[in-house]
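Residues in the sequence shown are numbered from 0 upward in steps of one, following numbering that gives the first Met the number 0. Down below is the structure, laid out as structure tokens.
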Amino acid sequence: MTGRPDRTVPPPAGEPPRLVSPQWLSRRLANGFRIEISTRSRTPDVALRLVVEAGAGTTPPEESGLATLAGTLPVEGAGGRSSSEMAEWLDTMGAAFACLTSYDNAVLSMHTLSDQFSGALEFLATVARVPDFEPHDVKRVRELQLDRIRRRQDEPSEIASTHLAEAVYGAHPYGVPLTGTLESVARLGTRELAAFWTERVRPAAATLVICGDIDPAQAFHDIERHFGDWTGPETTVESVPPIADRPVRSGEILLVDRPASRQTELRVAGIGLARGASDEIPVLMMNAILGGLFNSRINLNLREDKGWTYGARTMFVRRRAAGPFVLRTAVDTDVTTRAYEQIRREFEAMRESYPTDDELSFAANALILSLPLQFETAGQIAGRRVETVTYGLPDDYWETFPEAVRAVTAEQVTATARRYLDPAGFVLIAVGDVARFADELSSLGTVQVLPAGIPEQTTPKPEPIPHQPCCMSSVHP
């Protein structure tokens, strides 16, 4: 019959969504406090992000966990209010609060209705400026953090990730978890926490990012009222310590024994790149083709073709200094060595030959077409601005991102693969039933069996198992 659409043929795709870059109003108060405001009237809410230099990337390993614990405590008591009174204050406003600590910063995050904006500012100012750090609160929250560290010792994925960080970065601050170790956190008390907060949380090194249904002029007035008389020490936080070109234990295969495990947690890691590096966009494209997406090469190989895993992913964790490149997966114990061989083959294939036009197109579409989804809510928009502020990205970074992605060539992808996927610069962590795969893995490199559980800073370096000749030259450089 005529006039009916042909249901056997997919309809043509419409115009892809385009990112409309938010506009930002910037101002600094006399005390150096930076303010970034973007209005969004679609919904009657507002997101606030107070960005402070209280990250863990400049904290020495012996004080690991300090930044996370310090960020957790202010909402437990500030300005003379108890923990329950702070919670009641939030409930009265219908607001949500969290402190998100990373290696690069700490972000005091709030979300509330627009008519509660002034109250939210007062809450943020109280938490940032006058935290109490009462000894009984410190003791209680410290024990909770220690419990989280203990629980990590029973999680194979956490064990693998913790050993990996130490193997890549050693005694660098990036080499220990954000939550710290049992040894380091147990030493932290009120004095250390208060001193850290006073040194790091100060107006000249803080930025307030706001996005929502507010009047900018009134917002600037309210911010001046709550933060204008804020003072702090004239100190400068040290930069993130230098990072070596290769992992501390590059070329090693490190095993953690969990007898009778049905699966092996695998991590392969090397040194990646810093946020905003000159080759960042080509690296994102290369990673999308290699292992950053479901349809990437490694996942199609290990999951769809071999059926060895529920998923395998690669990622470049970008920080102020070079973060790690990580492949993570969990495979059946019996295929541990074969999975690692396939991973190495995929790395080498990325280094040896150019990606196809279809791969380039698929990766570019994945990166570009998902971008508008990251700017849907006030909180998401504020979060993207926090990235811009933290890493000193150009104001038009997100607006020009699609064009930069489309401009990446196959030659650039291969060049970044040759730079970042050097087999000699990787370390492997395998957590599982070591007796079932240690001998096989020893044919691929120097194997060392680590103590079970989470490493402490004093963990001695174990004795190596001698390297055996490799019978599969195709996986070697």
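Glycine is no exception: its CB is placed at the ideal position from the N, C-alpha and C atoms. Only a predicted model underlies this, so the values are computations on that prediction, with no experimental measurement involved.
Under the 8 Å Cβ criterion, the segment 146-154 does not count as touching the segment 42-56, having fewer than three qualifying pairs. Relative to the Cα of Thr-100, the nearest Cα in the group Gly-64, Pro-130, Ser-113 belongs to Gly-64. Here Ala-95 is exposed. Its C-beta has fewer than 16 other C-beta atoms within 10 Å.
At a Cβ-Cβ threshold of 8 Å, Gly-306 and Asn-298 do not count as neighbours. Judged by pairs of C-beta atoms under 8 Å, the segment 434-444 touches the segment 245-256, as three or more such pairs exist. If you ignore the 5 residues before and after Val-208, its C-beta comes within less than 6 Å of the C-beta of Glu-35, Arg-48, Ala-381, Arg-384, Val-385, all in its own chain and listed in chain order. Val-407 and Ala-77 have their alpha carbons spaced roughly 50 Å apart. Only residues of its own chain outside the window of five on either side were considered, and among them Gly-76, Ala-77 have a CB closer than 6 Å to the CB of Asp-131, listed in chain order.
Distances from the alpha-carbon of Gly-93 to those of Val-106, Gly-79, Ser-113, Leu-107 put Ser-113 closest.
Two segments are said to touch when three or more pairs of C-beta atoms, one from each, lie closer than 8 Å; by this definition the segment 255-272 touches the segment 427-434. Only residues of its own chain outside the window of five on either side were considered, and among them Ile-270 have a CB closer than 8 Å to the CB of Ala-243, listed in chain order. The three-state secondary structure of Thr-355, taken from DSSP, is coil. Per the C-alpha coordinates, the member of Thr-125, Ala-170, Pro-215, Met-109 positioned closest to Ser-25 is Pro-215. Boundaries of the beta strand (DSSP E) harbouring Glu-251: 251-256, taken from the DSSP string. Beta-bridge analysis with DSSP links Ile-270 to Pro-323. Under the three-state reduction of DSSP, Gly-431 is assigned to strand. Boundaries cannot be given for Gln-22, as no beta strand (DSSP E) includes it and DSSP labels it neither H nor E. Pairing Val-412 with Ile-367 gives a Cβ-Cβ distance that is not under 8 Å. Within the segment 97-169, the complete beta strand (DSSP E) runs of at least 3 residues fall at 105-112. When C-beta atoms of the segment 177-196 are compared with those of the segment 284-302, fewer than three pairs fall below 8 Å, so the two segments do not count as touching. About 34 Å separates the beta carbons of Val-167 and Val-126, which is beyond the 8 Å limit, so they are not a contact pair. Counting along the chain, Leu-207 sits inside the beta strand (DSSP E) bounded by residues 205-211. Ile-36 is bridged by DSSP to Leu-24, Ile-209. The way I'd put it, the segment 369-378 does touch the segment 11-25; three or more beta-carbon pairs between them come closer than 8 Å.
In the three-state DSSP reduction, Arg-405 falls in the helix class (H, G or I). Put simply, of Phe-293, Met-314, Thr-313 the residue whose alpha carbon is nearest the alpha carbon of Asp-304 is Phe-293. With respect to Leu-120, His-225 sits close: the two C-beta atoms are nearer than 8 Å.
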